[in-house]
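Numbering (the working numbering), first residue to last: 3 to 206. Structure, as structure tokens:
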Ligand code: GAR
């Protein structure tokens, strides 16, 4: 089995990265993490990668004049590590249209809401403010518009009486850690096709 090589982009704790690391450690998992890149030097996810011997680098936007220059270097680093698929795992930086186009149907994101509801950086807070009784998380192919693109997998999470942002976020994260490896496995097994901007999952 030739494993798909994954580049994971992070900005913070990297608990989703951890879930992907653990999935990739299973011998029959069809993907391996080739490199972890962070736009933040203090992202704990960098430590998680180093602990298991995965190359991990910081790419700070402060070292680049424009978004295009930053994204060009990001692209080069991913290519240097022979990456087949990019996984955004709490990467809190907008990517240029050119970068998104280069990784069309080969870049996946996880977002803590049932898309297309509650896009943006405060999905959990926004769900609580709206008073929805069910929220959740989504894994999707990345398109130029933030938190949009064909949906690969979703999980629903009930909003409970007495929930606050951190309690609800923790329960949503538990589900994220299940559906991200699942979505990556489907991708790496070649089971996903995009038709009319919708994901079709093949059964065989
Ligand atoms: C996760 O909840 C992820 O869905 C969210 O950031 C968190 C990162 O946690 N991403 C977004 O909101 C993207 N719009 P982690 O660093 O522990 O994986």
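Just so it is clear, CB atoms sit at the ideal spot from N, CA and C, and this is done for glycine as well.
Under the rule that 16 or more other beta-carbon atoms within 10 Å means buried, what is residue i, buried or exposed?
i: residue 18; result: buried
i: residue 160; result: exposed
i: residue 81; result: exposed
i: residue 3; result: exposed
i: residue 71; result: exposed
i: residue 203; result: exposed
i: residue 53; result: exposed
i: residue 178; result: buried
i: residue 198; result: exposed
i: residue 166; result: exposed
i: residue 84; result: exposed
i: residue 16; result: buried
i: residue 65; result: exposed
Does the distance from the CB of residue i to the CB of residue j come in under 7 angstroms?
i: residue 138; j: residue 157; result: yes
i: residue 10; j: residue 40; result: no
i: residue 93; j: residue 154; result: no
i: residue 183; j: residue 51; result: no
i: residue 163; j: residue 200; result: no
i: residue 32; j: residue 131; result: no
Name the two residues that bound the continuous beta strand (DSSP E) containing residue i.
i: residue 138; result: 136 to 143
i: residue 109; result: 109 to 113
i: residue 160; result: 153 to 160
i: residue 197; result: 194 to 197
i: residue 59; result: 58 to 60
Just checking my contact of residue i with residue j at CB under 8 angstroms: how many whole Å lie between their CB atoms?
i: residue 48; j: residue 35; result: Actually they do not touch by this definition, with Cβ atoms about 13 angstroms apart.
i: residue 108; j: residue 87; result: 5 angstroms
i: residue 99; j: residue 146; result: 5 angstroms
If you follow the alpha helix (DSSP H) that residue i is in, where does it begin and where does it stop?
i: residue 102; result: 99 to 104
i: residue 51; result: 46 to 53
i: residue 25; result: 17 to 26
i: residue 42; result: Unbroken run through residue 42: none, as it is neither H nor E.
i: residue 126; result: 125 to 132
i: residue 181; result: 167 to 190
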